[in-house]
Amino acid sequence: MAHEDDDIEYELVSKTEMKREMHRFQSLGETLCDLPPAKWSSLPISDVLMAALEESRRIKKHEARRRHFQYIGKLMRAEDIDAVQEAVDMLDPSSEAFGRKTGQLEQWRTKLIQSDNALNEFLDIYYDTDRQQLRNLVRNARKEMQSEPPKPGNAYKKLFQLIKEIDANS
Numbered sequence: 048m049a050h051e052d053d054d055i056e057y058e059l060v061s062k063t064e065m066k067r068e069m070h071r072f073q074s075l076g077e078t079l080c081d082l083p084p085a086k087w088s089s090l091p092i093s094d095v096l097m098a099a100l101e102e103s104r105r106i107k108k109h110e111a112r113r114r115h116f117q118y119i120g121k122l123m124r125a126e127d128i129d130a131v132q133e134a135v136d137m138l139d140p141s142s143e144a145f146g147r148k149t150g151q152l153e154q155w156r157t158k159l160i161q162s163d164n165a166l167n168e169f170l171d172i173y174y175d176t177d178r179q180q181l182r183n184l185v186r187n188a189r190k191e192m193q194s195e196p197p198k199p200g201n202a203y204k205k206l207f208q209l210i211k212e213i214d215a216n217s
């Protein structure tokens, strides 16, 4: 007679690995505390962790802060760490994720200026876009880039900001 427990495999994790993960959670928690409180609402975190981050602003003494960061590290175990880390990286201009996303948005801007087909492709992906505003900015950016030498101007910059805004809202 087989037991259901026989099929369960247990993953053995060393004490060192557990400590390493705990320090990673605490470090990410400290990074979250260092962010401006206005940015916290854009992060995929629970209300309990949000309250702990708000509480961290009040704590000034070294030992109390250390214990509080341990508590935040404990709370981080219940969070989707990869999603939180990705959101934090997107807020940091020096991170690889931020650079990758910015590069993709710049490619969209270049495609939109160079090709009419790209406009339809963009509108198919981002269907809630204000089409008239996008078309106007693309047309004006094309005019700016047709000069010799091509000189990016105000419309070129505004087009990028609009693409960034559209991507953030989708």
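Each residue of the sequence shown is one higher than the one before, starting from 48 at the first, in this note's numbering. From the three backbone atoms N, C-alpha and C, an ideal C-beta is built for every residue, glycine too. Computed from a prediction, not measured in an experiment: that's the story for all the values here.
The continuous alpha helix (DSSP H) containing Thr-157 extends over residues 143 to 161. With three or more CB-CB distances shorter than 8 Å, the segment 138 to 158 counts as touching the segment 199 to 216. Ranked by how close their Cα comes to the Cα of Glu-77, the residues Arg-124, Arg-112 and Arg-186 have Arg-112 in first place. In this structure, the straight-line span from the alpha carbon of Lys-86 to that of Lys-121 is close to 22 Å.
It is roughly 25 Å from the alpha-carbon of Val-60 to the alpha-carbon of His-115. Residue range 94 to 103 is occupied by the alpha helix (DSSP H) that includes Leu-96. Selection Ala-202, Leu-90, Ala-125 and Ser-194 evaluated against Arg-182 yields Ala-202 as nearest (Cα-Cα).
A check of alpha carbon separations from Val-185 across Tyr-173, Ser-162 and Lys-198 identifies Ser-162 as the nearest.
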